[in-house]
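Numbering (our numbering), first residue to last: 3 to 334.
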């Protein structure tokens, strides 16, 4: 079964779902999907343990199987948030996913997310067969605008935001263009304008005062060795609630590029998903960065990236941002 975010709650309350596969979703929908799933199991009034696991390499699969073997079948529900960064649905990936089927039960609930998977339509048949009778595919691509409108309406209602019809129309009309920007705006409105009627004029004023940053701004300042600026941009990204996974992957791509030009490594095949970062990063002048940073510094950066992976698994969000701050200034 394929479902979208706005119909997910109704569907899971009527069906027994053990496996969720999230495809083609914006960050706000990923959070919303996970929130809906968590609240469903929370209502069962049983102990729930949320575990975040990331898969960058084949060796990372050991973490999942180790976690499943440690589970206490008589008490805690394990909600496994599994983010897989492979860019292709290789035979290896299919084998690991099929192996996980043997651990499907009411105490092991798996949520898969594939942020970098290419040719999703070609993978549809495998996923459809995979979740048959035990799961659901969550895909908003066919109802993207409707789901954005659903999220906005729901967020406004949930936070008791009093908003004029013209301001609301502005949000609904423009949000599909840059949903991350508008999601951040709506969340900030709650704190900036409590007990206030939100008008179109207030929204216009807000847009004039903000500058929205992306991973590219952060990486560019690192390459230019503008350390103070890099820290400031990172702080703004944190305030924007920017997806730190994007920052981690773009930084990792930068490190791989440096090592490649130092002729120390070949970029791993399963990291071809970095091409969306690589194309933009390669537009920067990297010569000085490559020349100034020796292998010891690069190894230190890689160790920090590994620590971040462990923090993601343990949901230590503040420590992740702390390590990103260190990575911001570690290169010369």
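Glycine is no exception: its CB is placed at the ideal position from the N, C-alpha and C atoms.
Checklist entry - For residue 85, does the three-state DSSP call read helix, strand or coil? => result strand
Next on the checklist: Quick check on residue 285: does DSSP put it in helix, strand or coil?
Outcome noted: coil
Checklist entry - How would you label residue 127, buried or exposed, when you count the other beta carbons within 10 angstroms and need 16 or more for buried? => result exposed
Checklist entry - Within 10 angstroms of its Cβ, does residue 291 collect 16 or more other Cβ (buried), or is it exposed? => result buried
Checklist entry - For residue 112, does the three-state DSSP call read helix, strand or coil? => result strand
Checklist entry - Does the beta-carbon distance from residue 202 to residue 168 come in below 8 Å? => result yes
Checklist entry - At which residues does the alpha helix (DSSP H) containing residue 211 begin and terminate? => result 202-211
Checklist entry - For the 8 Å Cβ check, are there 3 or more pairs between the stretch 56-74 and the stretch 143-150? => result no
Next on the checklist: Taking the beta carbon of residue 275 as the centre, do at least 16 other beta carbons fall within 10 Å, making it buried, or is it exposed?
Outcome noted: Because the pLDDT of residue 275 is 46, which lies under 50, any placement of that residue in the model is unreliable, and the question is left without a value.
Checklist entry - Considering residue 156, what are the terminal residues of the alpha helix (DSSP H) in which it resides? => result 146-160
Item to check | Euclidean distance between Cα positions of residue 24 and residue 231 | outcome: 35 Å
Checklist entry - Cβ atoms of residue 314 and residue 140: under 8 Å apart, would you say? => result no
Checklist entry - Excluding sequence positions up to five away, which residues of its chain have a Cβ less than 7 Å from the Cβ of residue 300? => result 257, 260 and 261
Next on the checklist: Residues in the same chain with beta-carbon distance under 8 Å from residue 199, minus the five sequence neighbours each way, listed in chain order, please.
Outcome noted: 164, 165 and 166
Item to check | Validate contact between the stretch 181-191 and the stretch 219-233 using beta carbons, cut 8 Å, 3 pairs | outcome: no
Checklist entry - Who are the near neighbours of residue 123 in its chain, counting only those whose CB is closer than 8 Å to its CB and skipping five residues on each side? => result none
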